[in-house]
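Heads up, the thing below is written out as structure tokens.
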Amino acid sequence: DAGVIQSPRHEVTEMGQEVTLRCKPISGHDYLFWYRQTMMRGLELLIYFNNNVPIDDSGMPEDRFSAKMPNASFSTLKIQPSEPRDSAVYFCASSHGQTSNQPQHFGDGTRLSIL
Amino acid sequence: QKEVEQDPGPLSVPEGAIVSLNCTYSNSAFQYFMWYRQYSRKGPELLMYTYSSGNKEDGRFTAQVDKSSKYISLFIRDSQPSDSATYLCAMKAGAQKLVFGQGTRLTINP
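For the record, the sequence lines run as chains S and D. Take 1 as the starting number for the first sequence in the working numbering and just add one per residue. Take 1 as the starting number for the second sequence in the working numbering and just add one per residue.
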């Protein structure tokens, strides 16, 4: 059974460029989460979707960040324009339901470096 | 103050030692407590899940929750080099979003 698939695994780009991160959740999962992980701040929730609808985007740092989920099998996180402080590992996770005992399954992340 | 505090370490112990990892929290509404393990360059994976106070054991791993002290622990017995990873505590209140600790980086030396 395929897990959460993220692409690209690594991205290096210059400040000011647009960055698009992609995620394919586990089939049948109805919740999708985007996280950012840094040494200083740890793992932070940016936004999550339920049945393709954004539910809570309070963790999105600023208007330069946007996320979409056009269908149940695909989501994107976009940064435009990118800045060096956006450098981090970005994780996508999915789960079946939001009840307490349903684990979130994480992808292996996109390591983003903004020069 | 962060909702969840976790010492980032690093923590280094010899193989076979008992490891104790801890988190404290401030939100008394948290009811569900989890430990995730994250290997280098991988995503976190759920290791243990506990509801409310008490202990839960799974093989060499034991999770403890003390809600009165707002303190949770993960114990690893007979630690192995393959246990070397970052361990993140996480907790939530009902259907609310998960809040993670910063993670403790653990190394088990052969």
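Beta carbons are placed, not taken as given, at the ideal position from N, Cα and C, and that holds for glycine.
So which residues on chain S does E45 of chain D lean against when the C-beta distance must stay under 9 Å?
P103, H105, F106
From G54 of chain D to P84 of chain S, what does the alpha carbon distance come to, in whole angstroms?
44 Å
Taking 9 Å as the CB-CB limit, is R22 of chain S close to chain D?
no
Closest to K24 of chain S by CA distance: which of S:R64, S:S82, S:G107 is it?
S:G107
Report yes or no: do the stretch 59-69 of chain S and the stretch 3-12 of chain D share at least 3 C-beta pairs separated by less than 8 Å?
no
Measuring alpha carbon to alpha carbon, tell me which of D:G59, D:K97, D:S69 ends up nearest F75 of chain D.
D:G59
Can you list, in chain order, the residues of its chain with a C-beta nearer than 6 Å to that of F49 of chain S? Leave out the 5 residues immediately preceding and following it.
L32, M69
Identify, in the order they occur along the chain, each residue of the same chain with its Cβ nearer than 6 Å to the Cβ of S7 of chain S, setting aside the five sequence neighbours on each side.
R22
S82 of chain D by DSSP, collapsed to three states: which one?
helix
For Y49 of chain D and chain S, any beta-carbon pair shorter than 9 Å?
yes
Going by beta-carbon coordinates alone, are W34 of chain S and S75 of chain S separated by less than 9 Å?
yes
Per DSSP, cross-strand counterpart(s) of L106 of chain D
D:L11, D:A85
Pick from D:S52, D:E57, D:K42: whose alpha carbon is nearest that of Y87 of chain D?
D:K42
Measure the C-alpha to C-alpha separation of N109 of chain D and Q38 of chain D and round it to an integer number of angstroms.
18 Å
Suppose you measure from the CA of Y71 of chain D to the CA of G16 of chain S; what does that come to, to the nearest Å?
43 Å
Close-in-space but distant-in-sequence residues of the same chain around V19 of chain S (CB under 8 Å, 5 per side omitted):
E11, T13, K78, I79, Q80, S82, D86, L112, I114
Could you tell me which chain D residues have their CB closer than 7 Å to the CB of G109 of chain S, listed as they occur along the chain?
G43
Do the CB positions of G42 of chain S and F100 of chain D come within less than 9 Å of each other?
yes
To the nearest angstrom, how far is the alpha carbon of S28 of chain D from that of Q64 of chain D?
16 Å
Could you tell me the boundaries of the beta strand (DSSP E) in which S73 of chain D lies?
71-76
May I have the straight-line CA-CA distance separating Q102 of chain S from R64 of chain S, to the nearest angstrom?
31 Å
Name the chain S residues whose beta carbon is nearer than 7 Å to that of Q102 of chain D?
G42
Classification of R9 of chain S by the beta-carbon crowding that lies within 10 angstroms, buried from 16 upward:
exposed
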